[in-house]
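Count along the sequence shown from 1, add 3, and you get the number used in my numbering.
Even for Gly, the Cβ is constructed at its ideal location relative to N, Cα and C.
One structure is given below, encoded as structure tokens.
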Amino acid sequence: MNERGLAPFAKPRKVDAARTLCNMAHCISVVERDAGMKGWEIFMHSVRLVFSNLDAALRISLVPYAISGLALVYLGSEALQLMEGVSPEDMMAAGPGVWTGFMLYGLISIIVALWIAVSWHRYVLLEEYPTGWIPRFHGGAIFQYLFKGVIIAFVVLGMVIVVTIILGLLIGWTGPLGSALVSVAGFAAATYAFYRLCPLLPAAAMGRNMVSREAWQATSGNDATIAMLVFLVLVSSFVLQIPISIFGAESVLGIAYSVIVGWIMMLVGVSVLTTFYGHFVEGRPID
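This is the structure in structure tokens:
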């Protein structure tokens, strides 16, 4: 010990570069594995949100979903049939009423989707339980939800354009492989940008003003989580579509299955956005 009562500095040890690199690689792999697990946890939590709150899910979505279905049958079905295997000339020859009905169907579908999404966000995050079978129509929140969605769409489109142009210049657009790589890169950029900004949507549903910078900061450092989540969503969507090819898309069983699966996928998708906001913005645990 010296006069100040401090132990002398220890002699510097020789650094093992190989061991240090191995430790760093191990730490990185652990972090990536944990991030991947978080993506799995977010996905499963979103699925549980729907099936653990089935009564509320039905009360919030059943009537609006039925309205969208009726709009499809009475307003959009004729136009959709014309789009399948019909020449552009025949489509143009169709009466204006067909396309007017189709546009009305599209408008109703958008309003219904926003209505359900806003109601579900508010139920989970604000505990606003539906009192009947027709959920409350929050017009202001729905408009803000649409506005934030348009902002996200522009950001996503901008990122896709930049990524595809840069990659196209680097590897070239010619050939099926080059086109496939550019398409995959564009899809990756789109999904990445969407999930980084998706907290804007639940915030709008609750009447909270969140800007893009806040959403981007709240979801930073979760690239592996987003990648795992996108992978799980794509795989589950593919698996759920398999029975349709078995039953037949136009059979009674196939139509019934499509309606039920479409409803489940819609609510799980909205629940993913809800979980993103609750966990990354509000700091709620993922049970």
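Residue 60 and residue 151 have their C-alpha atoms some 24 Å from each other. Per the Cβ contact rule, the segment 265-274 is in contact with the segment 110-125 (3 or more Cβ pairs under 8 Å). Taking the C-beta atoms as reference points, residue 204 is found no nearer than 9 Å to residue 174.
Under the DSSP assignment, residue 228 falls in the alpha helix (DSSP H) whose first and last residues are 226-250. The Cβ atoms of residue 209 and residue 40 do not sit closer than 9 Å to each other. Counting of Cβ neighbours within 10 angstroms places residue 280 among the buried residues, the total reaching 16 or more. Assigned with DSSP and collapsed to three states, residue 130 falls in coil, not helix or strand.
Around residue 75, the same chain offers 108 as residues with beta carbons nearer than 7 Å, after the five sequence neighbours per side are excluded. A straight-line Cα-Cα distance of about 16 Å links residue 188 and residue 158. Within the same chain, Cβ atoms closer than 8 Å to the Cβ of residue 114 are found at 145, the five residues on either side in sequence being excluded. DSSP places residue 155 in the uninterrupted alpha helix (DSSP H) bounded by 142-174. By the Cβ rule, the segment 64-73 counts as touching the segment 130-145, because three or more pairs are nearer than 8 Å. With fewer than 16 other CB atoms across the displayed protein chains lying within 10 angstroms of its CB, residue 248 is exposed.
Where residue 265 is concerned, the enclosing alpha helix (DSSP H) starts and stops at 255-279.
In this structure, residue 129 sits away from residue 285, with a CB-CB distance that is not shorter than 9 Å. With respect to the 9 Å criterion, residue 228 and residue 45 are classified as neighbours on the basis of their beta carbons.
Per DSSP, reduced to three states, the secondary structure at residue 214 is coil, with no helix or strand assignment.
Per DSSP, residue 63 is one residue of the alpha helix (DSSP H) stretching across 57-74. Only residues of its own chain outside the window of five on either side were considered, and among them 185 and 189 have a CB closer than 6 Å to the CB of residue 167, listed in chain order. In this structure, the CA atom of residue 259 is about 46 Å from the CA atom of residue 172.
Cα atoms of residue 149 and residue 256: separation of roughly 34 Å, rounded to the nearest angstrom. Under the three-state reduction of DSSP, residue 181 is assigned to helix. Assignment of residue 189 by DSSP, reduced to helix, strand and coil, places it in the helix class. Annotated as distal: residue 207 and residue 244, with beta-carbon spacing of 9 Å or more. Taking C-beta atoms as the reference points, residue 53 and residue 270 count as a pair closer than 9 Å. Counting C-beta atoms within 10 angstroms of its own C-beta, residue 106 has fewer than 16 neighbours from the protein chains shown and is therefore classed as exposed. If you draw a straight line from the Cα of residue 224 to the Cα of residue 140, it is about 36 Å long.
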